[in-house]
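Residue numbers (my numbering), protein chains in the order written: chain A, 1 to 463; chain B, 1001 to 1463.
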């Protein structure tokens, strides 16, 4: 009987194990999980802190019992320490410190990513005990939860205004903390163009979050009076500090086994999720991301981890699945606003050798005569040389179906459609939910109209 | 100077005129409108009767002044009576009975559709004066409005449980009328499979609408005590009767000019919207619909009329636009439920020579741990021989983004993707708005899993 071992209990590892069990119930599957929280929705943690999700156990996509009911074996609180590729054994250490070699036929490494500290002084010596937190795993979340209960902090500084920083700013605000959000860049949510990031900043400010941009954090200090976060321009005192400035791939296990590192320092895998080491597959936030427009890059996302894990699991039991590639689709809800993007922005497209043009436009989510219509702000990116759709950014109020509208763009990019072809799409219409030309198509028409004007042509031949 | 004349003031005619003016401001554009309500949103009429839209004037996509500001000329209350193709003149008759010949260089006919009476006896002699209504135009809507005001009816029978019938059942209910909805077919909303139509019927019943299916209406009688609708099985009395049993293309003008009729009795046009008559284009509910999966058919929809009109307007001023084809996407809100479809259902695919399989599934609109998650019910249709996605039907509560999720399917069908490729799509995810595998992808995976089981293969090669 084949023994498949997966390392990692988050999206990629569990997806791989589930898929292998689904396709080949004869395969024995063991999942080695460093903590005791397999298959938790890490993306859901902020909603535990808003109070919308309770108890925290409901953040599990599936319980350990659910997982074991599929026939997989879970080894919780167990760390993988070394791969012997030639012997096909994985060395592990249990919580009790017991070392053991686990034999495998196929190994899937899904060790994910680790939070970075971005060179901020003082962090090495500070942790939950001092009120300084990261939030990358369930143990992190539970440590933060205990700290909030124990010390009842009244103020928080969040370092980093990316997705998690924004969501946690909302969560802390919902809990009654005064929140200061420090952002190194000129605008929050720097995965979007500044014009749209500014809308998100307004939403934060409207809910009482103090947003400080262009703030490079130098250090975090633990003082008798509390915590102090020092930037290049000011210092900010708070009872609690959350550092969410990004992640790096957790590659130690595979690197020591001889795997190659690529984009972003992540482990190189092919579209089948092969590492190149015999019998060793990898997936998730620790591996490079094939991007349909960029080629090999590093873009760790839960959606991608699920896909890659499923492919690795399928192929480890003899399948021939291939990762079709990311287009970088992301969405975040910030209070009552939803911001989304897919594909490339101008500077990303330029770096990829393209000649992008980005056009801003506004369109209502549904017919304005019907109650509750709200504008969606778009930025559509395309290449006027061939008309190809390269990317789209959308910001609108919650309820304007921004998340699924970005999915229409994502599907169109996946399929290689041109911007003008969006107007050909047969999209649904009823006045309470759309327009005869959907907002997506109006945004595309704004792009094609402007691109035609820029090119000095009208798109029609002389009569 | 070129003179472009468009006949018809609804979606196709106005879209054509707008596009022509946009592309070539040197073209003189005249739009001949049979009534005095150009560019009204006919799809929005039910929401005037619910009371959500007021005044009725706000149903105009654009006012007459907006339209004239683009440089087009509107001839309201003017009926086109005859086309002289050789002379390039259009005979018109004004409200005053004045007959006139209008010279044109290019003519776009967008006369739309007319309501049918489905052989129901008595309708010829009954109209708004007797409380018997259709609702296909603004004059129809205003006549119904006056009747509701004047007679204050307390009960209504609606004949036909398609989109308009369902929306008007909601509208009359909102106004406090007792509503009986008569449907000839075994289930309401027969554009969806019965399993999903049944959910819509439950929603109607939950809001007090009496739904009678398998009811073939024979006649409508005007009696001293009120109106009586007689079916093959019973009779239903009411103060008001609304007949919404479908439409037929309004082709008289073009047919007499020598145009060819095709599917559904509609005027044949090519992808450029040419009728084949020199200088005569046509678009909208009066012409055949090119369907990407079915070829030539008749499927009158406002979204299609907008597209065809825009293409006719572009080409009439020298453009080379082509209609890329419908995939039959439709959506309706019925009280708190949204029902949508795109592509083909089983029987439609069989008629087109395909070998479809339809698989039902259910998936939450977003992660269940986050408040407000609701199930979406899917029926996905594909052809197991090549895995091609053929269609999808979705029903979910309002707020579950069903309308934009059907658009993801519509985009995928447009692009010719396979069902399995839906799992490759990089769709957006955040717990309040989706899942790592979006509901759309889970529905696709339900199809592929079942198709694999039906084929007795697992989709993987032996290791």
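Backbone N, C-alpha and C define an ideal beta-carbon position, used for all residues, glycine too.
Can you tell me whether residue i is buried or exposed? The criterion is at least 16 other CB atoms within 10 Å of its CB, across all chains shown.
i: residue 153 of chain A; result: buried
i: residue 206 of chain A; result: exposed
i: residue 1098 of chain B; result: exposed
i: residue 1005 of chain B; result: buried
i: residue 94 of chain A; result: exposed
i: residue 115 of chain A; result: buried
i: residue 1414 of chain B; result: buried
i: residue 57 of chain A; result: exposed
i: residue 233 of chain A; result: exposed
i: residue 1201 of chain B; result: buried
i: residue 1453 of chain B; result: exposed
i: residue 1358 of chain B; result: buried
Mind checking which residues open and close the alpha helix (DSSP H) that includes residue i?
i: residue 1139 of chain B; result: 1138 to 1151
i: residue 1378 of chain B; result: From DSSP, residue 1378 of chain B is part of no alpha helix (DSSP H) but of the beta strand (DSSP E) over 1375 to 1383.
i: residue 21 of chain A; result: 11 to 23
i: residue 1046 of chain B; result: 1045 to 1049
i: residue 412 of chain A; result: 402 to 414
i: residue 199 of chain A; result: 194 to 206
i: residue 124 of chain A; result: Looking at the DSSP string, residue 124 of chain A is not in any alpha helix (DSSP H), and its letter there is neither H nor E.
i: residue 1173 of chain B; result: 1163 to 1174
Mind pulling the chain B residues with CB within less than 9 Å of residue i?
i: residue 139 of chain A; result: Here the premise fails: no neighbours, minimum Cβ distance about 19 Å.
So which residues on chain A does residue i lean against when the C-beta distance must stay under 7 Å?
i: residue 1330 of chain B; result: 428
i: residue 1340 of chain B; result: 428
i: residue 1389 of chain B; result: Within 7 Å Cβ-Cβ: nothing; residue 1389 of chain B doesn't reach chain A, min ~11 Å.
i: residue 1170 of chain B; result: By Cβ distance, chain A contributes nothing, its closest Cβ being about 11 Å from residue 1170 of chain B, past 7 Å.
Alpha carbon to alpha carbon, what distance is there between residue j and residue i?
i: residue 1051 of chain B; j: residue 1175 of chain B; result: 8 Å
i: residue 1333 of chain B; j: residue 318 of chain A; result: 46 Å
i: residue 262 of chain A; j: residue 1062 of chain B; result: 55 Å
i: residue 463 of chain A; j: residue 420 of chain A; result: Bear in mind that the predicted position of residue 463 of chain A carries a pLDDT of just 33, short of 50, making it unreliable; the figure below should be weighed with that in mind. C-alpha separation (whole angstroms): 21 Å.
i: residue 1380 of chain B; j: residue 1391 of chain B; result: 6 Å
i: residue 309 of chain A; j: residue 1449 of chain B; result: 17 Å
i: residue 1458 of chain B; j: residue 313 of chain A; result: Residue placement at residue 1458 of chain B cannot be trusted, given a pLDDT of 48 that sits under 50; the coordinates are not used to answer.
i: residue 105 of chain A; j: residue 1385 of chain B; result: 34 Å
i: residue 461 of chain A; j: residue 279 of chain A; result: Because residue 461 of chain A carries a pLDDT of 41, less than 50, the predicted location of this residue cannot be relied on, and the following value inherits that uncertainty. Looking at the two C-alpha atoms, the distance is approximately 59 Å.
i: residue 345 of chain A; j: residue 1425 of chain B; result: 19 Å
i: residue 274 of chain A; j: residue 288 of chain A; result: 11 Å
i: residue 1339 of chain B; j: residue 1155 of chain B; result: 26 Å
i: residue 145 of chain A; j: residue 164 of chain A; result: 16 Å
i: residue 291 of chain A; j: residue 1300 of chain B; result: 39 Å
i: residue 545 of chain A; j: residue 12 of chain A; result: Outside the displayed range of chain A (1 to 463) lies residue 545 of chain A, so it cannot be described from this structure.
i: residue 1033 of chain B; j: residue 1254 of chain B; result: 16 Å
i: residue 1208 of chain B; j: residue 1157 of chain B; result: 13 Å
With hydrogens ignored, establish whether the beta-carbon of residue i is closer than 6 Å to any heavy atom of the ligand FAD.
i: residue 1259 of chain B; result: In the structure shown, the ligand FAD is absent, as is every other ligand, since no ligand is present at all.
Which first and last residues belong to the beta strand (DSSP E) in which residue i is found?
i: residue 466 of chain A; result: Here chain A comprises residues numbered 1 to 463, so residue 466 of chain A is not present and cannot be evaluated.
i: residue 1093 of chain B; result: 1089 to 1094
i: residue 314 of chain A; result: Note, residue 314 of chain A: premise wrong, no beta strand (DSSP E); alpha helix (DSSP H) at 302 to 316.
i: residue 28 of chain A; result: 28 to 32
i: residue 1255 of chain B; result: No beta strand (DSSP E) contains residue 1255 of chain B, which is instead part of the alpha helix (DSSP H) from 1252 to 1256.
i: residue 1237 of chain B; result: 1235 to 1238
i: residue 1347 of chain B; result: From DSSP, residue 1347 of chain B is part of no beta strand (DSSP E) but of the alpha helix (DSSP H) over 1346 to 1351.
i: residue 1068 of chain B; result: Unbroken run through residue 1068 of chain B is the alpha helix (DSSP H), 1064 to 1069; no beta strand (DSSP E).
i: residue 396 of chain A; result: 388 to 397
Establish whether the CB of residue i and some CB of chain D are separated by less than 7 Å.
i: residue 1326 of chain B; result: Protein chains in the displayed structure are A and B, and chain D is not among them.
Could you tell me which chain B residues have their CB closer than 8 Å to the CB of residue i, listed as they occur along the chain?
i: residue 453 of chain A; result: Result: empty, since nearest Cβ-Cβ is about 11 Å, beyond 8 Å.
i: residue 408 of chain A; result: 1404, 1407, 1408, 1411
i: residue 401 of chain A; result: 1401, 1403, 1404
For residue i, return the contacting residues in chain B, with the cut-off set at a CB-CB distance below 7 Å.
i: residue 405 of chain A; result: 1404
i: residue 306 of chain A; result: 1436, 1437
Residues of chain A with CB under 9 Å from residue i, in chain order?
i: residue 1300 of chain B; result: Ordered by position in chain A, no residue passes the 9 Å Cβ test against residue 1300 of chain B, which lies about 13 Å from the chain.
Run down chain A in chain order and give the residues with a C-beta less than 8 Å from the C-beta of residue i.
i: residue 1107 of chain B; result: Under the 8 Å cutoff, chain A gives no residues; its nearest Cβ is about 15 Å from residue 1107 of chain B.
Check your understanding: In the region 54 to 69 of chain A, which residues sit with their C-beta less than 7 Å from some C-beta in chain B, listed in chain order?
Key -> Listed by position, the residues of the region 54 to 69 of chain A near chain B (Cβ gap below 7 Å) are 58, 59.
Review point. Just by C-beta distance, which residues in the region 1278 to 1294 of chain B are closer than 7 Å to chain A?
Key: Those residues of the region 1278 to 1294 of chain B that come within reach of chain A (Cβ to Cβ, closer than 7 Å) do not exist; the list is empty.
Check your understanding: According to a CB-to-CB cut-off of less than 8 Å, which residues of the region 1004 to 1015 of chain B neighbour chain A?
Key -> Those residues of the region 1004 to 1015 of chain B placed with their C-beta closer than 8 Å to a C-beta in chain A are 1011, ordered along the chain.
Point to revise | Residues, ordered as in the chain, of the region 413 to 426 of chain A that lie near chain B by beta-carbon distance below 9 Å | key: Within the region 413 to 426 of chain A, the qualifying residues are 413, 414, 415, 416, 417, 421, 422, 423, 424, 425, 426.
**Study point:** Residues of the region 1026 to 1053 of chain B whose Cβ lies closer than 7 Å to any Cβ of chain A, in chain order
**Key:** Those would be 1041, 1043, 1044, 1047, 1052, 1053, in chain order.
Point to revise | Interfacial residues, the region 358 to 387 of chain A to chain B, with Cβ spacing under 7 Å | key: Within the region 358 to 387 of chain A, the qualifying residues are 367, 369, 370, 371.
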